[in-house]
Ligand SMILES: NC(=O)c1ccc[n+]([C@@H]2O[C@H](COP(=O)([O-])OP(=O)(O)OC[C@H]3O[C@@H](n4cnc5c(N)ncnc54)[C@H](O)[C@@H]3O)[C@@H](O)[C@H]2O)c1
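In the working numbering, the protein residues as written are 415 to 778.
Okay, here's the thing in structure tokens:
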């Protein structure tokens with residue numbers, strides 16, 4: 415069992431990682447005081463793991479009936495959120511009850527937002543069950559739902575009491591969701607730039623085959639990387655911008671493809687295109703480019719991107735929240751571990767970087 419202590423302005427919480435912790439009857443020393451708790455759980459995780467989850471948390475809490483969430487982006491909506499609040503009222507949840515969110519990023523964002531607003535805020539625990547949520551959304555206390563066409567538009571910062579990460583949940587995750595999580599994982603490889611970068615280059619094929627020991631190592635190091643950044647910048651005003659590496663291109667690919675390709679795979683393609691932009695802008699030379707691009711090249715590049723028109727991708731970039739005064743701001747890489755934020759580029763430079771990436775992937 416390994417623990418990462420995540421400090422925040424009001425205290426700290428532990429991110430605890432151990433394979434089998436919840437799925438194979440593990441235990442953890444929690445407070446002796448038996449409180450009530452309500453599990454808010456992803457529908458698929460409910461059918462696969464409810465008994466394990468109840469067995470684990472039942473040792474420490476008096477559990478109400480669970481609230482079941484359909485994990486789709488449309489569930490992160492006002493009306494669905496209000497249904498969750500109604501379910502909490504039906505279960506007579508009070509200020510002392512703990513919410514336990516069990517699922518991926520959708521369940522986590524919705525359940526933590528419900529916890530942060532119910533009676534002005536009650537405590538919650540995160541149990542991430544997708545790779546993306548284990549390395550990203552379960553850490554940092556960002557809660558939220560979508561509104562109109564805007565993602566995560568209504569939300570809050572509300573830190574969990576603890577995060578229990580059991581990588582064995584990943585056995586049943588669809589392969590495309592593993593790939594999606596890996597897009598964020600390689601981002602941490604670049605930000606950490608040392609051990610994790612080399613580890614991913616050396617072990618990618620075994621990681622994608624879900625070798626449990628390798629996955630646990632990768633998740634722990636990714637979570638550690640994210641934890642260090644959020645501790646430096648809890649409210650997303652500076653250091654945290656590094657976490658947007660690959661996301662200006664990545665979000666634009668996602669949007670131009672009408673969300674038919676998963677977020678993480680678009681981020682990975684976005685990182686690869688950002689490396690090309692670093693080269694176009696003279697931030698890195700050919701030798702450094704070849705070293706860096708080896709990492710995203712270990713993941714598939716969506717063929718759908720080849721069929722996009724550059725202008726559609728470029729226009730989609732302006733919907734990005736990193737646009738300042740009408741100008742695009744890129745997060746680029748200078749070397750492993752050296753990330754630069756707020757970089758501006760001309761449209762022709764962006765076009766060239768994009769076209770070079772397509773050419774190199776598809777020999778066009
Ligand atoms: N709060 C944050 O800081 C933050 C950061 C990144 C992303 N997000 C949000 O996360 C969301 C995406 O999260 P996600 O990628 O985890 O997707 P998700 O929650 O939709 O889960 C993906 C799919 O996997 C299924 N699933 C979950 N765990 C499983 C398991 N162990 N076995 C089998 N199936 C399982 C779900 O039912 C779903 O179909 C987006 O809404 C995004 O905005 C939030």
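For glycine and all other residues, C-beta sits at the position ideal for the given N, C-alpha and C.
Whole-angstrom distance between residue j and residue i, CA atom to CA atom
i, j, result
"residue 626", "residue 420", "24 Å"
"residue 707", "residue 776", "15 Å"
"residue 634", "residue 549", "8 Å"
"residue 585", "residue 763", "42 Å"
"residue 569", "residue 553", "15 Å"
"residue 621", "residue 629", "6 Å"
"residue 453", "residue 595", "24 Å"
"residue 429", "residue 597", "21 Å"
"residue 416", "residue 445", "19 Å"
"residue 488", "residue 449", "32 Å"
"residue 491", "residue 561", "7 Å"
"residue 619", "residue 713", "9 Å"
"residue 539", "residue 515", "6 Å"
"residue 697", "residue 649", "29 Å"
"residue 583", "residue 740", "43 Å"
"residue 830", "residue 427", "Any answer about residue 830 is impossible in this case: the structure gives the chain only from 415 up to 778."
"residue 754", "residue 517", "33 Å"
"residue 677", "residue 519", "12 Å"
"residue 459", "residue 418", "25 Å"
"residue 616", "residue 736", "33 Å"
"residue 686", "residue 436", "36 Å"
"residue 496", "residue 722", "38 Å"
Run of the alpha helix (DSSP H) containing residue i, from where it starts to where it stops
i, result
"residue 730", "724-731"
"residue 775", "761-776"
"residue 610", "609-622"
"residue 736", "No alpha helix (DSSP H) contains residue 736, which DSSP labels as neither H nor E."
"residue 635", "626-646"
Range covered by the beta strand (DSSP E) that runs through residue i
i, result
"residue 428", "425-431"
"residue 715", "Looking at the DSSP string, residue 715 is not in any beta strand (DSSP E), and its letter there is neither H nor E."
"residue 601", "Unbroken run through residue 601 is the alpha helix (DSSP H), 589-606; no beta strand (DSSP E)."
"residue 752", "752-757"
"residue 746", "744-749"
"residue 420", "416-422"
Beta-carbon proximity list for residue i, same chain, < 7 Å, skipping 5 on both sides
i, result
"residue 588", "none"
"residue 733", "669"
"residue 768", "687, 724, 727"
Close-in-space but distant-in-sequence residues of the same chain around residue i (CB under 8 Å, 5 per side omitted)
i, result
"residue 751", "604, 605, 606, 607, 608, 611"
"residue 643", "605, 653, 654, 656, 657"
"residue 726", "670"
"residue 716", "667, 671, 675, 679, 680, 683"
"residue 700", "693"
"residue 718", "671, 674, 675"
"residue 602", "549, 610, 635, 636, 639, 640"
Beta-carbon proximity list for residue i, same chain, < 6 Å, skipping 5 on both sides
i, result
"residue 555", "571, 572, 573"
"residue 593", "679"
"residue 757", "744, 746"
Task: Within the stretch 513-577, ranges of the alpha helix (DSSP H) (whole runs, at least 4 residues) - done: Within the stretch 513-577, complete alpha helix (DSSP H) segments of at least 4 residues are found at 519-531, given in chain order.
Task: Whole runs of the alpha helix (DSSP H) within the stretch 660-705, excluding any shorter than 4 residues - done: Listed in chain order, they are 661-670, 677-694.
TODO: Output the residue ranges of the beta strand (DSSP E) runs that lie fully inside the stretch 424-504 and measure 3 residues or longer, sorted by chain position.
DONE: Entirely contained in the stretch 424-504, the beta strand (DSSP E) runs reaching 3 residues are, in chain order, 425-431, 449-456, 475-477, 481-483.
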